[in-house]
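J.:
Numbering (this note's numbering), first residue to last: 4 to 131.
So, in structure tokens, the structure goes:
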């Protein structure tokens, strides 16, 4: 568990660099993070996974991959996490994804993201 946690933390740190984002995407990093997040309940792991996703979502090409792989649907679940930091990073990732094309926005809405965002607006975390 510690090894995976450190690995996703390192990927999140690398994703801060625009050049590294491309390498992460080429190596299938988006898909790997999504699958690892679905199979993991460790708060620290999920926090760093959503941090990585929020950084990857700023890239136009990666955004297309994320939307097509239904990452917004996965992020919607994480945006309702009991951990406020995970909520914040998942919400930021969703925010970054919603900057996409009209087709991407329609896909995001169809994935149920709007309902989650409106829920968050109604019931924000208590630490804000």
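For glycine and all other residues, C-beta sits at the position ideal for the given N, C-alpha and C.
1. I'd like to check one pair, residue 96 with residue 78: are the Cβ atoms closer than 7 Å?
2. Which one of 53, 71, 57 and 82 has the shortest CA to CA distance from residue 104?
3. Do you know how far the Cα of residue 110 is from the Cα of residue 51?
4. Assign residue 25 to one of three DSSP states: helix, strand, or coil.
5. In the structure shown, what three-state DSSP assignment does residue 32 receive?
6. How would you write the range of the alpha helix (DSSP H) that residue 109 sits in, first residue to last?
7. What three-state label does DSSP hand residue 90 in the structure shown?
8. Taking the alpha carbon of residue 90 as the reference point, which residue from 57, 14, 12 and 102 has its own alpha carbon closest?
9. Quick one: Cα of residue 42 to Cα of residue 122, how far?
10. Comparing alpha-carbon positions, which option in 4, 113, 21 and 92 lies nearest residue 63?
T.: Straight from the coordinates:
1. yes
2. 71
3. 25 Å
4. helix
5. helix
6. 105-113
7. helix
8. 57
9. 25 Å
10. 21
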